[in-house]
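One structure is given below, encoded as structure tokens.
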Amino acid sequence: MFFCLVKKREKVGILLVRPGIILHWKLFVVNKGERLAFQNKDVEESHMSLEAVVFDWSGTLVAECYKEPIVIDEATLERYKAISKKNKIAALANGTYFGHIEELVLLSCDEAGITDEAVRKGLVAKALSKALMPDVVETLRFLKEAGIPFALLRNSKLPPHLFYEQVLVPFGVGEFFDPTQNIFMSSELGGLVTKPDPVIFNALLARCTAVDLVNQKNPAHIFMVGNEVGADIVGAHNMHWSSILLRTTEKSSGESPEEKATYEVDTWSELMKLFQQLLEHIPFANL
Numbered sequence: 000m001f002f003c004l005v006k007k008r009e010k011v012g013i014l015l016v017r018p019g020i021i022l023h024w025k026l027f028v029v030n031k032g033e034r035l036a037f038q039n040k041d042v043e044e045s046h047m048s049l050e051a052v053v054f055d056w057s058g059t060l061v062a063e064c065y066k067e068p069i070v071i072d073e074a075t076l077e078r079y080k081a082i083s084k085k086n087k088i089a090a091l092a093n094g095t096y097f098g099h100i101e102e103l104v105l106l107s108c109d110e111a112g113i114t115d116e117a118v119r120k121g122l123v124a125k126a127l128s129k130a131l132m133p134d135v136v137e138t139l140r141f142l143k144e145a146g147i148p149f150a151l152l153r154n155s156k157l158p159p160h161l162f163y164e165q166v167l168v169p170f171g172v173g174e175f176f177d178p179t180q181n182i183f184m185s186s187e188l189g190g191l192v193t194k195p196d197p198v199i200f201n202a203l204l205a206r207c208t209a210v211d212l213v214n215q216k217n218p219a220h221i222f223m224v225g226n227e228v229g230a231d232i233v234g235a236h237n238m239h240w241s242s243i244l245l246r247t248t249e250k251s252s253g254e255s256p257e258e259k260a261t262y263e264v265d266t267w268s269e270l271m272k273l274f275q276q277l278l279e280h281i282p283f284a285n286l
């Protein structure tokens, strides 16, 4: 058993090797003065490949709850709480649930006497764009330009075309998705089947042929990105896919094989770096 130092461009890796088997890998990425360290992990494969990605929505591409810009100060918070109460909209004590942002903005426009439709739509779009996680658009564009197919799978009451029109487009990510090609909602199965049931994952594959082609050849090369262990990580492993836990609401995955995420990241910036390195076929373990 011995150590081996590996260097590739700006990346330096340390391997703990036994003849024929990589036992541990630790990678440091140096980029413009930044260093991202990956944890040691037992691995038996020299690398993993990225060929397709499936994303969750709430808590993954967008924050489940956030304070700006809808809630700017205490006075604004109190105004929105009053609007919520008057219109029977559930609001969190420390902010506004993102699903009601459009409704709250339009109700505020009504109270302020703003009737110009273009202005109203502009205010809604500005508010919704702030709910996106940082670096989402840049990461989606990176995958698109790299030729990596990706899709969106969500437990939702909305049908795909309405979700696209009423949510994805206002949130500023409509250019990356098509309700007829790479979006599937649990509503299409009558709301009776949700993640992590393989039925909904297979329904997505039936629609998204580009991801399905990868699934037929190398299902482990599909990466499910989500924030919920029970729905996203377990669901991915039911399909023999790889998984990435975005730690926005759950701080770690489980210990059992079905609950242990392949990788864990905290931000979309880290997710972008992970995607870049997977495409370069560099072996490394959990963030």
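With the first letter of the sequence shown counted as 1, position 127 gets the number 126 in numbering that gives the first Met the number 0; the numbers rise by one all the way through. Yeah, the Cβ is synthetic: ideal placement off N, Cα and C, and Gly gets one too.
N-terminal and C-terminal residue of the beta strand (DSSP E) that residue i is part of
| i | result |
| --- | --- |
| Val52 | Ala51 to Phe54 |
| Leu270 | Not the beta strand (DSSP E): Leu270 falls in the alpha helix (DSSP H), residues Trp267 to Leu278. |
| Arg206 | Where Arg206 is concerned, there is no enclosing beta strand (DSSP E), although the alpha helix (DSSP H) it sits in stretches over Pro197 to Arg206. |
| Gly225 | Ile221 to Gly225 |
| Arg153 | Phe149 to Arg153 |
| Val264 | Tyr262 to Val264 |
| Leu139 | Run containing Leu139: none in the beta strand (DSSP E); it sits in the alpha helix (DSSP H), Val135 to Glu144. |
| Ile243 | Ser241 to Leu245 |
| Ile182 | Ile182 to Met184 |
Status (buried if at least 16 other CB within 10 Å, exposed otherwise) for residue i
| i | result |
| --- | --- |
| Asn214 | buried |
| Ala81 | exposed |
| Asn201 | exposed |
| Leu49 | buried |
| Leu191 | exposed |
| Val118 | exposed |
| Gly235 | The sequence shown places Ala at residue 235, rather than the Gly named in the question. The residue is buried, with at least 16 neighbouring Cβ atoms inside 10 Å. |
| Leu270 | buried |
| Ser255 | exposed |
| Leu273 | buried |
| Thr261 | buried |
| Ala130 | buried |
| Trp267 | buried |
| Glu205 | What sits at residue 205 in the sequence shown is Ala, not Glu. Result: exposed. |
| Pro133 | exposed |
| Glu144 | exposed |
| Thr138 | buried |
| Asp231 | buried |
| Ser252 | buried |
| Leu277 | buried |
| Val198 | exposed |
| Ile71 | Summary for Ile71: the model assigns pLDDT 42, below 50, so the residue's position carries little reliability; its value from the coordinates is reported in the next sentence. With fewer than 16 Cβ atoms within 10 Å of its Cβ, Ile71 is classed as exposed. |
| Gly225 | buried |
| Glu279 | exposed |
For residue i, the residue or residues it bridges with in DSSP
| i | result |
| --- | --- |
| Phe176 | DSSP, once it has assigned bridges, lists no residue as partnering Phe176. |
| Leu103 | Answer is none; Leu103 lacks a bridge partner. |
| Val61 | Ser57 and Leu131 |
Run of the alpha helix (DSSP H) containing residue i, from where it starts to where it stops
| i | result |
| --- | --- |
| Phe162 | Pro159 to Phe162 |
| Val233 | Val233 to Asn237 |
On the three-pair Cβ rule with 8 Å, is the stretch 105-116 touching the stretch 164-177?
Contact between the stretch 105-116 and the stretch 164-177 is absent: fewer than three C-beta pairs spanning the two stretches fall below 8 Å.
Indicate whether the contact test is met: 3 or more Cβ pairs, each with one atom in the stretch 145-162 and one in the stretch 55-62, closer than 8 Å.
These segments touch.
Assess, as a yes-or-no matter, whether the stretch 207-222 is touched by the stretch 143-153 under the definition of 3 or more beta carbon pairs within less than 8 Å.
Counting C-beta pairs closer than 8 Å gives three or more between the stretch 143-153 and the stretch 207-222, which meets the contact rule.
Kindly confirm or deny that the stretch 181-195 and the stretch 242-255 touch, where touching means at least three C-beta pairs closer than 8 Å.
Not touching, per the Cβ criterion.
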